[in-house]
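One structure is given here, and the rest of the page talks about it.
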């Protein structure tokens, strides 16, 4: 069941404590011009609650206004973040509430066109925007450095990230404006039958209010109407084998991930989107195979960690496996220490359990050294195992991981105090 709208009624509190309700400005009034929300967001993209919805797309830096996305039309506002992730913003004053469905369709069409761009195509549009609004012909990377003030950014890495996100169609689509009144169920149903890209959609209603005694100023309240974690959105990835040749595929759904931290499922999906299709399918199958034991995906800055909560209910969750999407490798090197320090498991038991797990992996993939001392410290499971190599023994790998998790669960369930010192 989708949650209802979360309406609010802003008010001003006077010096004597009197509450003065603010009057909402009706859509029919000419005080709000047709292009006002568009220019407002162009100048102040942080009005959109992107950091709360999809942190991997924040912060927003405006790099385009009325951007040519022929033949779909012109994108109202185009933003990017330091990781090279694009946000497409479509703004509208819905004098006709039924137009929302058409606007959502339009922004999806924009995303479809943008996914066909090269880095050079995007660069050309950014330069045009900068000439008009920043007074220079800066390119995309120079714009990023200027806006963030980060002189340590790596241009080659940034270009690669932008190119990857474009190729895979990974974008945030934001529809913003006043008068969003259509039922969320209608939009959800529409998305399910309109697979297009690996996108995240958000609808933001921009409510405008008069300020008492101030004719030339108004209050704007951005209100999130729909967020992707509240709908079963169509997560569809665009794959390009050759330039201008795109195919569309829907990956299998992830599990519930009920044990994961709030919002983690969105970021898990984001990390998995960096993998190649066969790699993603393998990792998802591994996660699904141990999910019933409590294992969940917890994304870090660059890695996806598969973690197991302590069955005893105290201490930090143990990291079983890490997936690095940039290097396309699997690795783990801190499990023994975590079992000792966080689960209060005796050193001998912890090292033995970790060794059994590691040795099973090494036996499956010969030639991988495993330097680890008796205290469970040191470089364990090195060098890293490429995901492409792990896939070769996919069934066996899932089996050994499941058995290892079952042993750790049994070990964690043994009676012990969370104040015991086992070091």
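Numbering (the working numbering), first residue to last: 8 to 430. We put the CB at the ideal spot given by N, CA and C, even for glycine.
Where does residue 282 fall in DSSP's three states? coil
Identify which residue in 89, 45, 120 and 98 has its Cα closest to the Cα of residue 75. 120
Can you tell me where the beta strand (DSSP E) holding residue 436 begins and where it ends? The shown model of the chain, from 8 to 430, leaves out residue 436, and the question about it has no answer.
Contained alpha helix (DSSP H) runs [length at least 4] in the stretch 309 to 343, N- to C-terminal order: none
Measuring CB to CB, does residue 80 end up less than 9 Å from residue 122? no
Using DSSP with H/G/I as helix, E/B as strand and the rest coil, what is residue 421? coil
Under a Cβ-count criterion, where at least 16 other Cβ atoms within 10 Å of its own Cβ denotes burial, should residue 20 be classed as buried or exposed? exposed
Start and end residues, beta strand (DSSP E) containing residue 305: 303 to 306
Contacts around residue 6, its chain only, beta-carbon distance under 8 Å, and the 5 residues preceding and following it disregarded: Nothing about residue 6 can be read from this structure; the chain reaches only from 8 to 430.
So the beta strand (DSSP E) residue 396 belongs to, where does it begin and stop? No beta strand (DSSP E) contains residue 396, which is instead part of the alpha helix (DSSP H) from 394 to 398.
6 Å Cβ shell around residue 275 - same chain, five flanking residues per side excluded: Correct list, in chain order: 304 and 306.
Where residue 50 and residue 342 are concerned, what is the direct C-alpha to C-alpha distance, given to the nearest angstrom? 48 Å
Boundaries (first-last residue) of the beta strand (DSSP E) holding residue 69: 68 to 75
From residue 293 to residue 112, what does the alpha carbon distance come to, in whole angstroms? 35 Å
Report the option in 299, 217, 323 and 207 whose CA atom is closest to the CA atom of residue 277. Closest option to residue 277, Cα to Cα, is 207.
With a CB to CB cut of under 6 Å and the five nearest residues on each side skipped, what residues in its chain are close to residue 45? 83 and 98
Is residue 66 near residue 88, with beta carbons less than 9 Å apart? yes
Report yes if the CB atom of residue 345 is closer than 9 Å to the CB atom of residue 326, and no otherwise. In this structure, the beta-carbon distance from residue 345 to residue 326 falls below 9 Å.
Residue 99 in three-state terms, based on DSSP: Note: residue 99 maps to strand in three-state DSSP.
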